[in-house]
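Heads up: the sequence shown begins at 186 in the numbering used here, then just goes up one per residue. Every residue, glycine too, gets a C-beta built ideally from N, C-alpha and C. Following: one structure in structure tokens, then a few remarks.
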Amino acid sequence: MKIQEIKDQFNSCSPEDLPRLMEAYSADERSGVQAEIARAKKRLEALEKEKERTRTLQQYERKYESAGFVCGIDEVGRGPLAGPVVAGAVILPRDCGILYLNDSKQLSARKREELYEVIMREAVATGIGYASPARIDEINILQATYEAMREAIGKLAVKPDILLNDAVTIPGVNIRQVPIIKGDAKSVSIAAASIIAKVTRDRLMVQYDSVFPGYGFAANKGYGAAAHIEALKQLGPTPIHRRSFIKNFMEGSNE
Numbered sequence: 186m187k188i189q190e191i192k193d194q195f196n197s198c199s200p201e202d203l204p205r206l207m208e209a210y211s212a213d214e215r216s217g218v219q220a221e222i223a224r225a226k227k228r229l230e231a232l233e234k235e236k237e238r239t240r241t242l243q244q245y246e247r248k249y250e251s252a253g254f255v256c257g258i259d260e261v262g263r264g265p266l267a268g269p270v271v272a273g274a275v276i277l278p279r280d281c282g283i284l285y286l287n288d289s290k291q292l293s294a295r296k297r298e299e300l301y302e303v304i305m306r307e308a309v310a311t312g313i314g315y316a317s318p319a320r321i322d323e324i325n326i327l328q329a330t331y332e333a334m335r336e337a338i339g340k341l342a343v344k345p346d347i348l349l350n351d352a353v354t355i356p357g358v359n360i361r362q363v364p365i366i367k368g369d370a371k372s373v374s375i376a377a378a379s380i381i382a383k384v385t386r387d388r389l390m391v392q393y394d395s396v397f398p399g400y401g402f403a404a405n406k407g408y409g410a411a412a413h414i415e416a417l418k419q420l421g422p423t424p425i426h427r428r429s430f431i432k433n434f435m436e437g438s439n440e
């Protein structure tokens with residue numbers, strides 16, 4: 186068999202079948218084949234390392250699994266000048282096998298999109314909550330974040346027995362809570378909540394970009410990029426801008 190054909194076999198092979206394929210070509214002394222076997226070995230080593238990292242991220246889920254359904258909670262969008270704050274709530278199955286879960290900020294947009302689909306398909310339950318820019322201005326960003334989190338919890342099809350939160354304790358929730366500092370990098374449930382919240386909000390800001398052109402919302406997602414601030418000064422605020430966040434930029438403008 187030609188080396189390119191063997192390469193194609195390795196490239197299309199699932200991780201589970203790689204050992205069989207490596208064994209099948211182990212006696213082929215051609216350098217190109219041996220290079221493929223070496224790459225396959227590294228691929229398996231990287232996969233095992235990721236599985237171990239994921240097992241470490243399941244420490245809190247294992248610790249509290251006797252309580253019942255464990256739900257991760259996280260939010261995105263507390264800092265932008267425009268758009269809502271969005272909260273995610275995710276209950277994953279016990280011994281969840283989803284790999285590459287992490288703080289959404291540590292993942293590429295493409296990886297977040299891939300994981301979003303896996304999470305929505307495999308989770309026991311998911312919920313998304315929003316707080317609008319007007320609501321943020323009305324009650325402040327922290328209280329609006331809590332409100333979005335409560336909405337996300339309320340949208341779960343299964344009632345959780347314990348909440349793993351990224352750093353905060355949510356007022357007005359009659360469920361046991363465990364705040365975890367930097368929880369989106371320490372808990373698979375919180376990481377999953379971070380991902381679905383981030384993808385949901387990013388998709389929304391892309392839609393807003395076509396409704397309110399000129400601010401670069403598709404690229405900056407409402408954060409205070411230089412081009413966004415300049416557009417704000419030139420064009421004025423949109424209905425999705427947070428007035429309490431942009432007042433310093435609007436001083437001396439024509440608003």
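| field | Assigned exposure category for I313 - 16 Cβ within 10 Å defines buried | value | Around the beta carbon of I313, 16 or more other beta carbons sit within 10 angstroms, so the residue counts as buried.
- Task: To the nearest angstrom, report how far apart I347 and G273 are at their CA atoms.
- Result: 15 angstroms
Length at least 4, wholly inside the stretch 231-308: the alpha helix (DSSP H) runs in chain order
Those alpha helix (DSSP H) runs which fall completely within the stretch 231-308 and span 4+ residues are 244-249 and 294-307.
Query raised in the report: Can you give, in chain order, each stretch of the beta strand (DSSP E) that sits fully within the stretch 358-384 and has at least 3 residues?
Result: 361-365
> Can you tell which of Y331, R320 and K340 has its C-alpha closest to the C-alpha of F430?
Replying inline: Comparing Cα positions, the closest option is R320.
- Task: Determine the DSSP secondary structure at D387, reduced to helix, strand or coil.
- Result: helix
Practice item. List the residues that DSSP assigns as beta-bridge partners of N350. Key: Under the DSSP definition of a beta bridge, N350 partners with I258 and P364.
Check your understanding: Counting Cβ pairs closer than 8 angstroms, one from the stretch 386-401 and one from the stretch 260-279, do we hit at least three?
Key -> Yes, the stretch 386-401 touches the stretch 260-279.
Name the one or two DSSP bridge partners that Y315 has. The partner list for Y315 (beta bridge, DSSP) reads V271.
For V303, which of L229, L286 and S216 has the nearest alpha-carbon? The shortest C-alpha separation from V303 is found at L286.
| field | Option nearest A308 by Cα separation, candidates Y315, C281 and I324 | value | C281
Assess, as a yes-or-no matter, whether the stretch 336-350 is touched by the stretch 236-256 under the definition of 3 or more beta carbon pairs within less than 8 angstroms.
yes
From this set, D369, P356, M305 and K227, which residue's C-alpha is nearest A342's C-alpha?
-> Nearest C-alpha to A342 among D369, P356, M305 and K227: M305.
Report, in whole angstroms, the separation of the C-beta atoms of A382 and V261, which I expect to be a contact under 8 angstroms.
5 angstroms
**Prompt:** With a Cβ-Cβ cutoff of 7 angstroms, do Q189 and V373 count as a contact?
**Reply:** no
message = Quick test of your reading: S289 and R297, contact by CB under 8 angstroms. State the CB separation rounded to the nearest angstrom.
response = 6 angstroms
For this session: Please report the residue range of the alpha helix (DSSP H) in which D193 lies.
Result: I188 to S197 is the extent of the alpha helix (DSSP H) around D193.
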